[in-house]
Structure formats: structure tokens, C-alpha cells
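A short write-up of the structure that comes next.
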Amino acid sequence: SQKNFNDIYWPSLIDVGTNSWIFSIPDILHTTPSRLEGIPLEDEIARRYKGILFILKVTRDLNLFHVTIYTSCVYFHRFFMRRSFKHYHHYEVAAAAIFLACKVQENRRGYKELIIPVARHSSKNMNLVVDSNTKEYWKWKETIDRLEEKLMEVLCFDII
Numbered sequence: 812s813q814k815n816f817n818d819i820y821w822p823s824l825i826d827v828g829t830n831s832w833i834f835s836i837p838d839i840l841h842t843t844p845s846r847l848e849g850i851p852l853e854d855e856i857a858r859r860y861k862g863i864l865f866i867l868k869v870t871r872d873l874n875l876f877h878v879t880i881y882t883s884c885v886y887f888h889r890f891f892m893r894r895s896f897k898h899y900h901h902y903e904v905a906a907a908a909i910f911l912a913c914k915v916q917e918n919r920r921g922y923k924e925l926i927i928p929v930a931r932h933s934s935k936n937m938n939l940v941v942d943s944n945t946k947e948y949w950k951w952k953e954t955i956d957r958l959e960e961k962l963m964e965v966l967c968f969d970i971i
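Using our numbering, the first residue of the sequence shown is number 812, and each one after it goes up by one.
Below is the structure:
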């Protein structure tokens, strides 16, 4: 018997049928995880906007390539097509999306380089002192580490 292409090239861990990134307008408007958990459409749109604006501000400070910025935005939106804003803060997912996109697009930034603008923009205090001796630094490092792994899982490791 002939083997299915998907059985040969995709590990059984990933359900290829649900690994589609094409969504209809009704999907976007009515069936995102956030909508299914009772978050109004206007609130979901506002959180997506805030997350993307956060990505744009942080990546501007890091002077990243445009492809890295766009990749971060795609990861952010894809994540929230499979997970609810009820369980994840948009700034935290955005920070992890930037970190992952920097790796994938070979535009690497170290933790310290990323965490400083992330902490400053999230607190809306551009004079915030952040270094490896502050609680804020370690909070963001742990958050980025935890959510980077979750982000890859939710994206079905479809990151290239």
C-alpha cells in the first residue's frame, strides 16, 4: 500500500490537518480562542494592536531587520489564533515572538539586549534601570524562556 505524503514527512506529533495558517473571515471574527472564551471582538482587536505596537517599538530600539520585525508579528498573530488572550499577556507573547524571530532570521540579540527595551516599553518608563541584577530582568528572562517554548509548540514548530 502507498504511504501518505503526510505520514512520511510529518512527525505524528503534529496534526497536519490542523497545521493550516489560512483562516476565513468568520474564523477570525467568531472562533478565535479569545472569542470562544468570551472576550469581545473589540477587546481582542485592541490587544492585538497593543501587542504589534509593542513589537514595533521594541524592534525599533533593537534596530532589527524588517524581515525579523514582520516575522515577530506573524508569530504573535498565529499564537493568538490558537490561544486565548485570557491566558497570555500580549506584551509577554510579543517579547517571546521577537526573541524567536531573531533566532530564526539570524538577526540574533542576547537576552540583555532584548530585555532592556522590553522592560522599559512594558513599564512605559524609558528611564527604567534594567540589568542582570534586577528582578525585572529575571522576570522577563524567565517569561521569554517559558513562552518561547510554548510559542514553538503552538506554532507546531512551523517557524521557518
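Don't be surprised by glycine CBs; every beta carbon is placed ideally from N, CA and C.
Inter-residue CB distance, residue 840 and residue 890 (contact presumed, cutoff 8 Å): As a first step, residue 840 must be located in the sequence shown, where it is residue number 29. As a first step, residue 890 must be located in the sequence shown, where it is residue number 79. In this structure residue 840 is not in contact with residue 890, their Cβ atoms being roughly 18 Å apart against a cut-off of 8 Å.
Selected residue, minimal CA-CA separation from residue 911, among 870, 947, 893: Indexing the sequence shown from 1 puts residue 911 at position 100. For the residues 870, 947, 893, the minimum Cα distance to residue 911 belongs to 870.
Where residue 945 sits in the DSSP three-state scheme: Translated into positions along the sequence shown, residue 945 becomes position 134. If DSSP states are grouped into helix, strand and coil, residue 945 belongs with coil.
Span separating the alpha-carbon of residue 934 from that of residue 928: Locating residue 934 in the sequence shown gives position 123, where the first residue counts as 1. Locating residue 928 in the sequence shown gives position 117, where the first residue counts as 1. Distance between the alpha carbons of residue 934 and residue 928 is about 10 Å.
Chain-order list of residues whose beta-carbon lies under 8 Å from that of residue 835 (same chain, five-residue window excluded): Numbered from 1 along the sequence shown, position 24 holds the residue referred to as residue 835. Excluding residues within five positions, none has a Cβ falling inside 8 Å.
Assigned secondary structure, residue 881 (DSSP; H/G/I helix, E/B strand, else coil): Along the sequence shown, one-based indexing puts residue 881 at 70. Helix.
N-terminal and C-terminal residue of the alpha helix (DSSP H) that residue 865 is part of: As a working mapping, residue 865 is identified with position 54 in the sequence shown. Boundaries of the alpha helix (DSSP H) harbouring residue 865: 852-873, taken from the DSSP string.
Any 3 or more C-beta pairs closer than 8 Å across the region 857-870 and the region 899-906: Between the region 857-870 and the region 899-906, the count of C-beta pairs closer than 8 Å reaches three or more; the two stretches touch.
Residue 899 (DSSP reduced to helix, strand or coil): Residue 899 sits at position 88 when you count from the first residue of the sequence shown. Coil.
As assigned by DSSP and simplified to three states, the class of residue 913: Counting from 1 along the sequence shown, the entry for residue 913 is found at position 102. Helix, per DSSP.
Continuous alpha helix (DSSP H) stretch holding residue 933: start and end: Stepping through the sequence shown from its first residue, residue 933 is reached at position 122. Boundaries of the alpha helix (DSSP H) harbouring residue 933: 922-934, taken from the DSSP string.
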